[in-house]
Structure formats: structure tokens, C-alpha cells
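In this note's numbering, the protein residues as written are 20 to 163.
This is the structure in C-alpha cells:
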């Protein structure tokens, strides 16, 4: 057995493209799963707020969710790569989802607040959904 594998051969090799100080690495696969999960959660939450507009929300939210969700998710994943606690990742994704709406009047009225919280909850659930898909680098001791 080499140092890449665990006893069942399920561990992925340590990639030289990542900094050894990075503890949690949000991969393309995790983004490809997290963004659609966040999109479905967001569309579902908007549907509960305005059921007559459900189809419109579902159709027209797809492109912005794909582009904005992927871009913000990638940037947050990169920024948080050295933080090992994934609950902090989920909280930051939730907070970022809420703060994205502030420049657009996100907290100026009750409807806009619900919209902002829908984005925040969707982002948090999207990050939570990829908990097991991210790559984790083990803590290294100073002697290694």
C-alpha cells in the first residue's frame, strides 16, 4: 500500500496542483452538484412566496443561478480553502447569499428580505449538499 491509498483504496491521491496548506478544496464536481441544488432550493422557496409564478421562477432563474452561483461558489471555495471547519463554509455561503442582494435593495422591504433570505438559504443548502464531495487534505504536522 502506498501513501496515497487508505486500506480500502478509496482515498484520492494528493494532487500536486494544490497547496499543502489548503484544507478543504471545492472541486468542479462539487460546484456542478452544489449549484443545481441551490437553484432548486431557491426556485422552491420563491414558489412558496408566489405560487402563480412558479414556472417563471424556475425557467428564468436558471441562467443567473448557473453563472452567479458558479462564480460566487468558486470564489468562496477558493477564499475558504484553508478553513477546515465546513460549518464555517456553510455559514459564509449563507451570509454571502444574503449580502449579494444588499446593493439591489435587498433589505429595504419585507418582500426583498424574503428574496434575500431565499438566496441565502439556497446558497447554504447548496454548500451543505457537497459536504462529502469536497477534497480534504489532512492536517500535517510540522515534522512532515
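All C-beta atoms in this analysis are idealised placements derived from N, C-alpha and C, irrespective of residue type, glycine included.
- Residues sharing a beta bridge with residue 43, DSSP: Paired residue(s): 155.
- Message: With distance defined between alpha-carbon atoms, name the residue in 117, 111, 132, 156 nearest to residue 94.
- Response: 111
- Message: So, with DSSP's three-state summary, where would you put residue 20?
- Response: Per-residue confidence for residue 20 stands at a pLDDT of 40, beneath the threshold of 50, marking its modelled position as unreliable; no derived number is given.
- residue 61 and residue 137 closer than 7 Å at C-beta: It is a contact, given that the beta carbons lie within the stated cut-off.
- Alpha-carbon spacing of residue 104 relative to residue 143, whole angstroms: 14 Å
- Inter-residue Cα distance where the pair is residue 118 and residue 91: 12 Å
- Query: Going by C-alpha distance, which of 72, 100, 89, 67 is nearest residue 145?
  - Reply: With distances taken between Cα atoms, residue 145 lies closest to 89.
- Taking C-alpha atoms, which residue in 108, 101, 40, 135 lies nearest to residue 148? With distances taken between Cα atoms, residue 148 lies closest to 108.
- Query: Would you report the Cα separation of residue 70 and residue 122, rounded to the nearest angstrom?
  - Reply: 26 Å
- Query: When DSSP labels each residue in this structure, what does residue 91 get in the three-state scheme?
  - Reply: In the structure shown, residue 91 sits in a helix (DSSP, three-state: H, G or I).
- Straight-line gap, residue 68 to residue 151 (C-alpha atoms, nearest Å): Each residue's CA atom was taken as its position, placing residue 68 and residue 151 some 31 Å apart.
- Message: Excluding the 5 residues flanking residue 115 on each side, which residues of the same chain have their C-beta closer than 7 Å to its C-beta?
- Response: Hits under 7 Å: 91, 95, 142.
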